[in-house]
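Just so we're aligned, residue 1 is where the sequence shown starts under full-length UniProt numbering, counting upward by one. Cβ atoms here follow ideal geometry from the backbone N, Cα and C, with glycine treated the same way. Okay, structure first, notes after.
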Amino acid sequence: MLRIENLSKIWKEFQLKNINLEINKEYCIILGPSGAGKSVLLKCIAGILKVDSGKIYFNGEDITNLPPEKRNFGYVPQNYALFPNMNVYKNIAYGLRIRGYPKPKIDKKVEEIAEFLNIKHLLNRKPTTLSGGEQQRVALARALVLEPNLLLLDEPTSALDMNNKEKIIGELKRVGEILPIIHITHDFVEAKTLGEKIAIFMDGKLVEVGDREIFKKPKNERVAKFLGYNIVKINGEKFAIAPEDVVICRGSKGKIVNIIDCGFYKKVMVDFEGNILRCILKEDKEDIDLNNLNIGDRVGVKFENKIYLVGK
């Protein structure tokens with residue numbers, strides 16, 4: 001469906017280097033640290049930025065030099081870019097009016113998409129009076145009302161509180177059943193919930209692509225660190241271990257250096273044979289009483305599901 005071949009682009013302090021990526025009718029999540037070039041890639045796909053070299057194909061057609069309005073891709077930037085002087089109805093209808101749709105058809109399409117996203121009651125409101133979650137739905141509606149072939153989302157939930165984020169993730173899951181989506185995020189839970197394909201970018205390069213198994217089996221140390229794994233070196237052995245796979249037990253080789261109580265689980269930092277381990281502890285999994293743990297306590301550590309890494 002969408003094929004990117006040897007794409008390179010330098011933009012301000014961000015750059016992409018020889019990106020090759022193929023996306024079919026699926027929900028694709030793009031992950032990576034700040035400065036990896038994720039937003040640059042999205043703008044190149046949208047046609048907002050011209051590539052320095054390489055090609056972009058959609059359904060077999062070379063669209064590399066096609067202007068944005070002829071690609072029929074929906075694009076929702078991180079700041080939503082709503083028109084503050086227009087009410088919600090006019091924001092959603094804007095693209096339809098530019099394309100010359102008659103008013104009865106505009107009214108019908110705006111009403112349908114507003115109902116789909118549960119924002120019919122907001123149509124007469126101005127964007128400045130809306131919550132972050134409501135603004136996000138309006139931005140989605142404005143993109144979806146044009147019936148795009150592909151939806152591009154740049155960190156769509158980054159400015160939302162947890163309650164609104166969960167609601168928007170639910171909406172995006174519904175949208176993803178209708179059309180393919182490319183979605184930039186830093187949120188691993190969001191990525192695991194929505195992503196059918198995961199692409200990880202670092203320093204302007206695509207370093208790993210696959211399905212959700214990427215989170216369980218990172219291929220190298222750098223990807224493992226980015227995904228939150230502990231990198232452990234003990235007795236000449238080196239491996240990655242997820243925080244939830246570090247089990248605290250009775251012993252004396254480890255020392256607790258920090259504890260954060262998160263209610264039904266605890267985040268604990270343990271200094272174990274020179275390794276500072278991040279652990280996520282749940283009462284039903286540990287060999288000791290979590291309520292009696294204190295900073296400075298001596299403990300033992302067991303590892304479950306070690307991952308042996310290749311390369312850096």
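Which residue or residues does DSSP assign as beta-bridge partners of Ile280? In DSSP, Ile280 forms a bridge with Lys267.
Which listed residue (Ala242, Pro180, Ser131, Lys302) has its alpha carbon closest to that of Ser252: Nearest C-alpha to Ser252: Lys302.
Express the C-alpha separation of Glu22 and Lys9 in angstroms, rounding to a whole number. Cα-Cα distance, rounded: 18 Å.
Determine whether the beta carbon atoms of Leu144 and Ile184 lie at a separation below 8 Å. Not a contact, by the Cβ cut-off of 8 Å.
Tell me the DSSP bridge mates of Ser131? DSSP lists no partner for Ser131.
Under a three-way DSSP split, which group does Ala159 fall into? If DSSP states are grouped into helix, strand and coil, Ala159 belongs with coil.
Hey, which unbroken runs of the alpha helix (DSSP H) at 4 residues or more fall wholly within the region 13-89? The region 13-89 contains these whole alpha helix (DSSP H) runs: 38-46.
Counting only the same chain and skipping the five closest in sequence on each side, list residues whose C-beta sits under 6 Å from that of Ser39. Excluding five sequence positions before and after Ser39, the CB atoms of its chain that fall closer than 6 Å to its own CB belong to Asp154, given in chain order.
Counted within 10 angstroms of its Cβ, other Cβ atoms place Lys43 as buried (16 or more) or exposed: In summary, Lys43 is buried, with 16 or more beta-carbon neighbours lying within 10 Å of its beta-carbon over all protein chains present.
Can you give the Cα-Cα distance for Gly204 and Pro104, rounded to whole angstroms? Approximately 46 Å, taken between the alpha carbons.
Just the C-alpha distance for residue 370 and Met1, rounded to the nearest angstrom, thanks. There is simply no residue 370 to check, as the chain begins at 1 and stops at 312 in what is shown.
Measuring CA to CA, which of Ile92, Lys55, Val232, Thr64 is closest to Glu115? Of Ile92, Lys55, Val232, Thr64, the smallest CA-CA separation from Glu115 is found for Ile92.
Is it the case that the region 108-128 contacts the region 44-63, given that we only count it when at least three CB pairs across the two stretches are under 8 Å? As far as the Cβ criterion goes, the region 44-63 does not touch the region 108-128, which means the pair count is below three.
Shortest alpha-carbon distance to Tyr265 belongs to which of Lys173, Glu244, Asn275? Ranking the options by Cα distance to Tyr265, first place goes to Glu244.
When you compare the CB positions of Asn20 and Glu5, do they come within less than 8 Å of one another, or not? The criterion of a C-beta distance shorter than 8 Å is satisfied by Asn20 and Glu5.
Of the residues Gly263, Ile259, Asn291, Asn292, which one's Cα is nearest the Cα of Ile276? Distance from the Cα of Ile276 is smallest, within the candidate group Gly263, Ile259, Asn291, Asn292, for Ile259.
Short of 6 Å in beta carbon distance, which residues of its chain neighbour Ile30, apart from the five on each side in sequence? Order them along the chain. Hits under 6 Å: Lys38, Ile184, Ala199.
Between Tyr80 and Gln135, which are expected to be in contact by the criterion C-beta below 8 Å, what is the C-beta distance as a whole number of angstroms? Their Cβ separation, rounded to whole angstroms, is 5 Å, which keeps Tyr80 and Gln135 in contact under 8 Å.
Helix, strand or coil: how does DSSP classify Asp154 here? Asp154 sits in a strand when the DSSP states are folded into three classes.
Could you please give me the residues that DSSP links to Ala240 through a beta bridge? DSSP, once it has assigned bridges, lists Ile231, Ile307 as partnering Ala240.
Please state the DSSP three-state secondary structure of Gly251. Assignment of Gly251 by DSSP, reduced to helix, strand and coil, places it in the strand class.
Exposed or buried, what is Val257 when buried is set at 16 or more other beta-carbons lying within 10 Å of its beta-carbon? Here Val257 is exposed. Its C-beta has fewer than 16 other C-beta atoms within 10 Å.
Helix, strand or coil: which one does DSSP assign to Val301? Val301 falls in the strand class under three-state DSSP.
Round the Cβ separation of Val246 and Asn230 to the nearest angstrom and send it over; I've been treating them as touching at under 8 Å. Taking C-beta atoms under 8 Å as the contact rule, Val246 and Asn230 qualify, at a distance of about 7 Å.
If we count the other Cβ atoms within 10 Å of its Cβ and call it buried at 16 or more, is Glu208 buried or exposed? The Cβ neighbour count for Glu208, taken over all protein chains shown within 10 Å, is at least 16; the residue is labelled buried.
Relative to the C-alpha of Leu160, which residue among Arg212, Ala224, Arg137, Glu69 is closest? When only C-alpha atoms are compared, the closest one is Arg137.
State buried or exposed for Gly254, treating a residue as buried only when at least 16 other CB atoms are found within 10 Å of its CB. Within a 10 Å sphere around the beta-carbon of Gly254 sit 16 or more other beta-carbons, which makes this residue buried.
Please classify Gly100: is it buried, with 16 or more other beta-carbons within 10 angstroms of its beta-carbon, or exposed? Around the CB of Gly100, fewer than 16 other CB atoms lie within 10 Å, so the residue is classed as exposed.
Quick one: complete beta strand (DSSP E) runs, 3+ long, within the region 168-229? The qualifying runs are 181-184, 197-202, 205-210.
Determine which residues share a DSSP beta bridge with Asp261 and list them. Answer is Lys266.
Per the DSSP calculation, Ile256 is bridged to which residue(s)? The secondary-structure analysis by DSSP pairs Ile256 across a beta bridge with Val270.
Coarse secondary structure for Asn164, derived from DSSP in three states: Three-state result, Asn164: helix.
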